[in-house]
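Residue numbers (the working numbering): 270 to 400.
Worksheet: the structure to be examined is printed underneath.
Put into structure tokens, the structure is as follows:
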């Protein structure tokens, strides 16, 4: 069966990359948690950016170390879970010609709640480094 990707290909590719990349990174470098961060913001200013720790969080998650994943970044589990859900919803959209992934991602209240809580976490994280 050939998938035609009715305009859904960008979402499908993005969700696939987010879902598969942690496995690939873990395969290439199983000791990533002991490596220094490659974040340019962290290197320049010596403080974490909002996304610092997400990669290590997702790599630990796919390795089954959930507490370590939460330690690196608690939103890693949420982002990875949403990516898996969107991946399967996008595949279902292609299979049944529906718009399920659109309905999942177009929930503005959930997106606002997520982004607000993400940046509240970041500011708490920064305040713990400063004080």
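Quick reminder that beta carbons are idealized off the backbone N, C-alpha and C, glycines included.
### Task
Express the C-alpha separation of residue 341 and residue 367 in angstroms, rounding to a whole number.
36 Å
Going by CA-CA distance only, name the one from 389, 357, 391, 291 that's closest to residue 277. 357
Proximity below 9 Å, CB of residue 355 to CB of residue 370: yes
Legend entry - Boundaries (first-last residue) of the alpha helix (DSSP H) holding residue 367: First-last for residue 367: undefined, no H or E at that position.
Does residue 334 come out as helix, strand or coil in the three-state DSSP assignment? Correct three-state label for residue 334: coil.
Step through the CB atoms of chain D and report whether any lies within less than 9 Å of the CB of residue 297.
-> Included in the structure is just one protein chain, with no chain D present.
**Message:** So, with DSSP's three-state summary, where would you put residue 363?
**Reply:** Residue 363 carries a helical assignment under DSSP once its states are collapsed to helix, strand and coil.
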